[in-house]
Each structure stands twice: as structure tokens, then as C-alpha cells.
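Student: One structure coming up, written as C-alpha cells, with questions to follow.
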Amino acid sequence: MLNKFREAKQLEIESLRKDFMEGRIPAMYQGERPSFTEAIRSKGPGAIIAEFKPASPSKGVLRTDLDPMEVAETYAKNGAAAISVLTEHKYFKGTPDFLFMMNGPGLPLLRKDFIFDPLQVAMTASSPASAVLLIARMCDDAAHLKQLIDIARMPGLAPVVEIFDQADLDRAREAGADIIQVNNRDLDTLTTTLDQGRRFIKQKRDGELWICASGVSTRAQVEEMASLGFDAVLIGTSLMEADDPGAKLAELAGVK
């Protein structure tokens, strides 16, 4: 699964490299970049990172009728601590433009994409994103992941390192990650189980921020993950599929 995502990013990376070689380096974003970590801690444990994704590989197109700017306002008004923004085009129908379109309410934005090249991190730094997703197993080794983490931190981006198994967590720790996102999805079957999060949260260390991602769709599940020690829960599909995403978010966040 991740290999096909990697292949889908090759043209983008080649274009970024060409621009870089020709001196077209994206300027760093000069506006305010609200703290992703502080926003999560202020509403955690169990803070909601509300996701905007028009499509997914497992379910296809989810929504075509939502305006990103309106969604950002809706999420801000209904209890989200931060917004996860899908920018991958082929499988998720996203675009980096969403980061600029959803910046209005001032919530921290997490750029969610398949990022494994330093120039992709540099491009993220040219946007209003406050955090960037780095998938541990998409990196060649811990040194590769550490390079991306270090580059992200320089302009003030919070590197969120996603893990699927113990080897991923070991690599994340070796690379110096302090924000760990546990993905509850099995990459071979695309099924999800919260047992993944329940198992891994036992290894949380002092000073780390942990996020539970995939498979959460009820307030009871949010409360359980919070009680186990997750600082935040990232929720996407259940919001995208809801008739009223704002009402669903308020329910999940416990503000309704």
C-alpha cells in the first residue's frame, strides 16, 4: 500500500528537485503558525484533530459538496483542537492549496501526505501548516527520518511520526520523535482495530504526545482512548460521512 503512495509522489518530488536546481526555492511562510502541541495539550487528553479528506483509498470519494473554508470554520466552532488536511491528490483528492484555504479560523493545521523527501518538508514550511505527518516506515532508516524531523523543526513545524508496528516505534524513537501517531489500520487488509492503539499506548513515555488515528467514530471511543493516555484522537471518515459534520464533531468532542 505505501509503495503505491510512494510511486504517486515521484512526479511531485522530481518537479520540486527541478525547481530547486533552477533556484526556485519556496519562501518560508511568514504568517502566524499556531502551536500544534499547545493546542492539543490545552484540550487533551482526547483532544480532537478533525480531518478534511474528500476521498480515501479504502472508500473512494467521500464528499464532493464541502467547501474547505466552510469546513474549517465548522470544525473551529465545534470543538476541534486542530485540523488534519489531506494534500495528496491521486488517492485522497487533496491539494496543498487546502492549507491556505483552511487557515482562516486560526486552528493549527497538520499537513497529511506521503512525505519522505526533504524538499517536501521545505514545501510544507512555505504553507501555513503547523505540523507535518512523517510516516516512519516510508523512510529508509532512522537517520533518514531524523533528517526530516530536524528539517521540520527548523521553521517551527511539529513533526508527527506515524507508526503501524513495533519496528516503526523503535525507528521513531531512535530518530528523536516526540509526537507519536498510532495508526489503527492494517495496511494489507485496510481494516481498523482500536486494539492497536490500546496495545501501543502502554509504551508512552513522559514528555511525549500521542495521537490515536483511524477507527474512532463515537464519543465513548474518544473517552476510552483519552483514559488510556492518548493526548488526541484524529478523526476523518466519520466526519466526512456525517450528514452534518459540525454536529458529529460536537458530539465526538463532548461539547453537545
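Each residue of the sequence shown is one higher than the one before, starting from 3 at the first, in the numbering used here.
Cβ coordinates follow ideal geometry from the N, Cα and C atoms, glycine included.
Measure the C-alpha to C-alpha separation of residue 65 and residue 217 and round it to an integer number of angstroms.
Tutor: So the two alpha carbons sit approximately 18 Å from each other.
Student: Quick check: the Cα distance between residue 228 and residue 234, rounded to an integer number of angstroms?
Tutor: Near 7 Å, if we compare the C-alpha coordinates of residue 234 and residue 228.
Student: Helix or strand or just coil, what does DSSP make of residue 239?
Tutor: Of the three classes helix, strand and coil, the one that applies to residue 239 here is helix, per DSSP.
Student: Considering only residues of the stretch 68 to 136, which uninterrupted beta strand (DSSP E) runs meet the minimum length of 3 residues and lie entirely inside it, listed in chain order?
Tutor: You should have 84 to 88, 111 to 114.
Student: In this structure, how does DSSP classify residue 185 when only helix, strand and coil are distinguished?
Tutor: Residue state, collapsed to three classes: strand.
Student: Tell me which residues share the same chain as residue 55 and place their Cβ nearer than 7 Å to its Cβ, disregarding the 5 neighbours each side in the sequence.
Tutor: Hits under 7 Å: 64, 88, 94, 96, 238, 242.
Student: Starting from residue 41 and walking both ways along the alpha helix (DSSP H), at which residues does that stretch end?
Tutor: Element bounds for residue 41: 38 to 45.
Student: What are the boundary residues of the alpha helix (DSSP H) that includes residue 225?
Tutor: Residue 225 -> alpha helix (DSSP H) spans 221 to 230.
Student: For residue 136 versus residue 151, is the C-beta spacing smaller than 8 Å?
Tutor: Yes; because the gap between Cβ atoms is below 8 Å, this pair is in contact.
Student: Is it right to say residue 250 is buried, meaning 16 or more other beta carbons lie within 10 angstroms of its own, or is it exposed?
Tutor: Classification of residue 250: buried, given that the 10 Å Cβ count is 16 or more.
Student: Can you find a CB in chain D that lies within less than 8 Å of the CB of residue 29?
Tutor: Among the chains of the structure shown, chain D does not appear; only one protein chain is present.
Student: With a threshold of 16 other CB atoms inside 10 Å of the CB of residue 70, please say whether the residue is buried or exposed.
Tutor: So residue 70 ends up on the buried side.
Student: Between which residues of its own chain and residue 230 is the CB-CB distance below 7 Å, once the five residues before and five after are set aside?
Tutor: These residues qualify, in order along the chain: 200, 203.
Student: Look up residue 58 in the DSSP assignment and say whether it is helix, strand or coil.
Tutor: Reduced to three states, the DSSP call for residue 58 is strand.
Student: In this structure, does DSSP put residue 161 in helix, strand or coil?
Tutor: Strand.
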